[in-house]
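Let me begin by presenting the structure, written as structure tokens, before commenting on it.
2 protein chains.
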Amino acid sequence: MKLSNTNLGTIRVNNLDKTYPAQDILLQTGQLVQYGTGIYAYNNIPLLVRQNVENIIRKILNKYGCVEILLPTLQPENLWKESGRWDKYIEDGTMLVVKSDKGNMCMAPTAEEAVTDFVRGRVGSYKNLPFTIYQIGEKYRNEIRTRGYLLRGKSFPMMDAYSFDKDIEGLQKSYENVKQAYLEIFREMNLDVIPVAADSGAIGGHKSEEFMMISPIGEDTILVDKETGIAFNTEILEREDADEYLKKEYGIQNKNNVEARKTIELGHIFQLGTKYSESMKATYITKEGKEEVLQMGCYGIGISRTVATIYENSVLKDNEGNPCGISLPTCIAPYLLQIIPKIENEEKFNLAKEIYNKLEEKGIDVILDNREQGMLGAKIKDCKMLGTPYMLVIGDKTEPGKFEVENVKTGEKEILSKEELIEKFLKIKNERKYI
Amino acid sequence: MKLSNTNLGTIRVNNLDKTYPAQDILLQTGQLVQYGTGIYAYNNIPLLVRQNVENIIRKILNKYGCVEILLPTLQPENLWKESGRWDKYIEDGTMLVVKSDKGNMCMAPTAEEAVTDFVRGRVGSYKNLPFTIYQIGEKYRNEIRTRGYLLRGKSFPMMDAYSFDKDIEGLQKSYENVKQAYLEIFREMNLDVIPVAADSGAIGGHKSEEFMMISPIGEDTILVDKETGIAFNTEILEREDADEYLKKEYGIQNKNNVEARKTIELGHIFQLGTKYSESMKATYITKEGKEEVLQMGCYGIGISRTVATIYENSVLKDNEGNPCGISLPTCIAPYLLQIIPKIENEEKFNLAKEIYNKLEEKGIDVILDNREQGMLGAKIKDCKMLGTPYMLVIGDKTEPGKFEVENVKTGEKEILSKEELIEKFLKIKNERKYI
Chain D
44 MKLSNTNLGT
54 IRVNNLDKTY
64 PAQDILLQTG
74 QLVQYGTGIY
84 AYNNIPLLVR
94 QNVENIIRKI
104 LNKYGCVEIL
114 LPTLQPENLW
124 KESGRWDKYI
134 EDGTMLVVKS
144 DKGNMCMAPT
154 AEEAVTDFVR
164 GRVGSYKNLP
174 FTIYQIGEKY
184 RNEIRTRGYL
194 LRGKSFPMMD
204 AYSFDKDIEG
214 LQKSYENVKQ
224 AYLEIFREMN
234 LDVIPVAADS
244 GAIGGHKSEE
254 FMMISPIGED
264 TILVDKETGI
274 AFNTEILERE
284 DADEYLKKEY
294 GIQNKNNVEA
304 RKTIELGHIF
314 QLGTKYSESM
324 KATYITKEGK
334 EEVLQMGCYG
344 IGISRTVATI
354 YENSVLKDNE
364 GNPCGISLPT
374 CIAPYLLQII
384 PKIENEEKFN
394 LAKEIYNKLE
404 EKGIDVILDN
414 REQGMLGAKI
424 KDCKMLGTPY
434 MLVIGDKTEP
444 GKFEVENVKT
454 GEKEILSKEE
464 LIEKFLKIKN
474 ERKYI
Chain W
44 MKLSNTNLGT
54 IRVNNLDKTY
64 PAQDILLQTG
74 QLVQYGTGIY
84 AYNNIPLLVR
94 QNVENIIRKI
104 LNKYGCVEIL
114 LPTLQPENLW
124 KESGRWDKYI
134 EDGTMLVVKS
144 DKGNMCMAPT
154 AEEAVTDFVR
164 GRVGSYKNLP
174 FTIYQIGEKY
184 RNEIRTRGYL
194 LRGKSFPMMD
204 AYSFDKDIEG
214 LQKSYENVKQ
224 AYLEIFREMN
234 LDVIPVAADS
244 GAIGGHKSEE
254 FMMISPIGED
264 TILVDKETGI
274 AFNTEILERE
284 DADEYLKKEY
294 GIQNKNNVEA
304 RKTIELGHIF
314 QLGTKYSESM
324 KATYITKEGK
334 EEVLQMGCYG
344 IGISRTVATI
354 YENSVLKDNE
364 GNPCGISLPT
374 CIAPYLLQII
384 PKIENEEKFN
394 LAKEIYNKLE
404 EKGIDVILDN
414 REQGMLGAKI
424 KDCKMLGTPY
434 MLVIGDKTEP
444 GKFEVENVKT
454 GEKEILSKEE
464 LIEKFLKIKN
474 ERKYI
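Protein chains in written order, with our numbering: chain D, 44 to 478; chain W, 44 to 478.
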């Protein structure tokens, strides 16, 4: 991508916010544009980070046998009346209602009703079970306590999956399958995410786990046993039999050894059971020819908050520990290298364009900073504003066979020939199995 | 993709609609699910057709130097008050209004306001011009005359691009650049689309062209000169100087030689000029240090109607000329081959799975019909319901080295070894440059 084709000017950022420094950089540099409380546009780079997150999720879920579909965001009232959730959502004020010529509709805050309708009447025999379908789509909520740009907005992209089984044993298997997929998804994105059992699950009834990441931007708290690293929900300590329970369920001997950590919830998996299939009559025919209600599971990953978490996790700090830029990890960065030529030097500018074209030909996405406006120093600073993990400055002194590539995060530099440069980035690219 | 993982059962379709036979197949087989007038969910295959269309558009626009962004669908009222379009859209009833805690909002019917806001105050110098940004996103309209499933819905995906230039000469260049990209996009999808000048463009003022495809499902009419093949807008015949004008502008000698054809509009390109940049004050600084209003162009492609057109264009007919199935073109089909084993024959079923895994390993997306329910005959019919272009039946008589691959559209069959089979589909896959 040539920076001259964007509307991203060289810009200085000032007084970065301490809680969300990456957000502040994105907003100050026009990479995110705010339209109202909890409403944002994505400029190119954060959008491509989001698409990379989506593609990793998509391809790993496909690998685990899940099938992608897409449900409508505009949904008729009657669908929600059927499950009994219309009035509840209206009362608590989170539903964004739309009046159409065909009566009331809503912008979907979630999709259990829509997916149950998608499936019912179309399953038929038990032979067609189980299956897990998912979508990557926008959700809408009249969120009053919006928070930290992409963390909790009025509109946000989510991956939501739904499993359909003939019985509880089947549901448990489908649930475990999605759980394994989730673990691989977060591993692939280099996010250290822990599944934490929600208390409701442990005390019987339907199992449910939250995928939590320890992070200063978190608004949840989990408890971690210092010795074993086992994490669990704070609610467990409120149980009368907490000591005994921790020993029995987790093998934790001493609850004084447990510490609270701030976490952000990136995903959730949940055994729904028959809540929606019963009220909305989603059934199948058993081997014996009887009609039975489907067992459902539901599974979500917050895509925008995953993007936000990746960004805040990628903040660079100066010698005094103050945030001063971003360096996205290579497993997710849309552009691996930023080539910054001194454009006034025609020979060097041509050299930069040659390298850029070579890398693009090989399918390696890189940025060429060919902007007319801005001095070399400002452009070097901009590389840290855009979060590109590697930088190649081509100045007056650069010799054609000796390219100094800098790892923006570590500051490490290496001198490479053109071939070595291509090989290095081809290797990094090929390590990314799903993007 | 394994069909056992979907909710697609073997199903017979009956009494196919004559106007939209593909739509009828998609609805009867649960590949599209209707939720209300103009509101649909996509099952896996049509969704992937849509994603392929999106990716072709995306990658070709990127090649032409356009940069992808994403604007919000939920937009505050004040943005639309500024351009003066809020009241207009409310009056004509096409705006879907949403009441939030922060006042009135709308579900964006179009994005000129949002993109002007995205850009204004961020361009600065003339040195940062020109640029063309685009998004692929959902649009919402309270469409009362919904039509033919994906053709005109209440909610539909669109690609909308916007160019920003310092003067009219620049705008014309940006416009021509997007026009060339469009021609390549439709060529890549094997759609025979003609740019037709809208009359408004021809009589001066701002130029505008519609990308029309001759099709029985079309609701527009264009005139085509039988001799030269030149197409133009019907409005031209209403001009007093029509004869002279046709000669001068198009070299058409005889307007009696012109015939009317039904067409569907898949894209539109438009030189907006300063309509939005003036009312919303989107400016830049000239070389002389003066503040000037930006020149804008806007460009759209209807993604869902492109999907619908591809499907209706892919309908198979029986000997009596009646619609009997779908065969998607290989340039867009999500799955190239459907492998249909007789699953009761364990040896043959294993052979089918081996072929499936081999193809998937090579990155060739194919369907394995491993459904427990359904006889071989029904499954063979289903291949035509799902639109997969090639079929491989593995029955009792299939020998391991002799696979009979059928081109579903032409009925041609060829016997291939495993290696030849893989080579054939690798070649088809690699011909698709952008998906």
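Don't be surprised by glycine CBs; every beta carbon is placed ideally from N, CA and C. In this text the structure is predicted, and so the values were computed from the model without any measurement.
Distance CB(residue i)-CB(residue j) smaller than 8 Å
i        : j        : result
W/Gln381 : W/Thr53  : no
W/Tyr63  : W/Leu75  : no
D/Glu111 : W/Asn87  : yes
D/His249 : D/Gly343 : no
W/Leu172 : W/Phe207 : yes
D/Gln178 : D/Cys149 : no
W/Ser143 : D/Lys197 : yes
D/Glu181 : W/Thr431 : no
D/Glu227 : D/Ile346 : no
D/Gly73  : W/Arg188 : no
W/Tyr183 : W/Ala151 : yes
W/Lys502 : W/Glu466 : Outside the displayed span of chain W (44 to 478) sits residue 502 of chain W, for which this structure offers no information.
D/Ala285 : D/Lys298 : yes
D/Ser372 : D/Ser357 : Residue 372 of chain D is actually Pro in this sequence, not Ser. Contact: yes.
D/Phe174 : W/Asn388 : no
D/Glu155 : D/Tyr319 : yes
D/Tyr327 : D/Lys209 : yes
W/Ser370 : W/Val436 : no
D/Ile307 : D/Tyr225 : no
Under 8 Å by beta carbon: chain W residues contacting residue i
i        : result
D/Asp160 : Val76 and Tyr78
D/Lys197 : Leu117 and Ser143
D/Tyr83  : Pro115
D/Gln416 : Gly167, Ser168, Lys170 and Asn171
Option nearest residue i by Cα separation, candidates the options
i        : options                                   : result
W/Gln488 : W/Met323, W/Ala303, W/Thr329 and W/Met339 : Chain W is shown from 44 up to 478; residue 488 of chain W falls before or after that span and cannot be answered.
W/Thr271 : W/Leu280, W/Glu302 and W/Glu281           : W/Glu302
W/Thr7   : W/Gly343, W/Ile458, W/Lys424 and W/Met323 : Past the boundaries of the shown model lies residue 7 of chain W; chain W is included only from 44 to 478, so the question cannot be answered.
W/Arg93  : W/Asn450, W/Glu134, W/Tyr354 and W/Tyr169 : W/Tyr354
W/Lys305 : W/Gln296, W/Ala274, W/Glu334 and W/Leu214 : W/Ala274
D/Met428 : D/Lys360, D/Tyr225, D/Val141 and D/Ser143 : D/Lys360
W/Tyr192 : W/Glu335, W/Ala65 and W/Arg475            : W/Ala65
W/Asn413 : W/Gly406, W/Glu134, W/Gly438 and W/Lys405 : W/Gly438
D/Leu113 : W/Gly164, W/Leu90, W/Asp408 and W/Asn98   : W/Leu90
D/Tyr477 : D/Glu231, D/Lys298, D/Tyr218 and D/Leu459 : D/Glu231
W/Asn105 : D/Leu59, D/Tyr218, D/Glu387 and D/Gly406  : D/Gly406
W/Asn276 : W/Gly294, W/Glu283, W/Glu253 and W/Lys269 : W/Glu253
W/Asp408 : W/Arg475, W/Glu363, W/Lys445 and W/Val451 : W/Arg475
W/Met418 : W/Glu219, W/Glu449 and W/Pro384           : W/Pro384
W/Gln77  : D/Arg163, D/Asp130 and D/Gly364           : D/Arg163
D/Glu321 : D/Ser126, D/Leu59, D/Leu139 and D/Asn121  : D/Ser126
Within chain D, partners of residue i - CB distance below 8 Å
i        : result
W/Ser206 : Residues of chain D passing the Cβ test: none, with the nearest at roughly 11 Å.
W/Asn185 : Ser143 and Asp144
W/Leu122 : Tyr78
W/Glu181 : Thr116 and Glu181
Closer than 9 Å at the beta carbon, the chain D residues around residue i
i        : result
W/Ile176 : Asn48, Thr49, Asn50, Asn86 and Asn87
Chain C residues whose Cβ lies nearer than 8 Å to that of residue i
i        : result
W/Gly108 : Absent from the structure: chain C. Protein chains present are D and W.
Contact set between residue i and chain D, taken where Cβ atoms lie within less than 7 Å
i        : result
W/Ser112 : Contrary to the premise, residue 112 of chain W reads as Ile rather than Ser in this sequence. The contacting residues are Ala84, Tyr85, Asn86, Asn87 and Leu90.
W/Gly73  : Arg165
Inset, instruction - Entirely within the stretch 355-424 of chain D and at least 3 residues each: give me those beta strand (DSSP E) ranges in chain order. - result: 358-360, 366-369 and 380-384
Inset, instruction - Just list the beta strand (DSSP E) runs in the stretch 130-208 of chain D, keeping only unbroken ones of 3 residues or longer that don't cross its boundaries, in chain order. - result: 139-143, 146-150, 174-183 and 198-208
Inset, instruction - Any chance you could list the beta strand (DSSP E) runs of at least 3 consecutive residues sitting entirely within the stretch 283-330 of chain W, in chain order? - result: 301-316 and 326-328, all fully within the stretch 283-330 of chain W.
Inset, instruction - Give the residues from the stretch 143-170 of chain W that approach chain D closer than 8 Å (Cβ to any Cβ), ordered along the chain. - result: Ser143, Asp144, Lys145, Met148, Met150, Ala157, Asp160, Phe161, Val162, Arg165, Val166, Gly167, Ser168 and Lys170
Legend entry - Near-chain D residues of the stretch 330-364 of chain W (beta-carbon distance less than 7 Å), N- to C-terminal order: none
Legend entry - Residues from the stretch 291-307 of chain W in contact with chain D, defined by Cβ distance under 9 Å: For the stretch 291-307 of chain W, no residue has a beta-carbon sitting nearer than 9 Å to a beta-carbon of chain D.
Legend entry - Residues, ordered as in the chain, of the stretch 125-143 of chain D that lie near chain W by beta-carbon distance below 8 Å: Gly136, Leu139, Val140, Val141, Lys142 and Ser143
Inset, instruction - For the stretch 59-125 of chain W, list the beta strand (DSSP E) runs that are entirely contained and at least 3 residues long, ordered along the chain. - result: 75-79, 82-85 and 117-119
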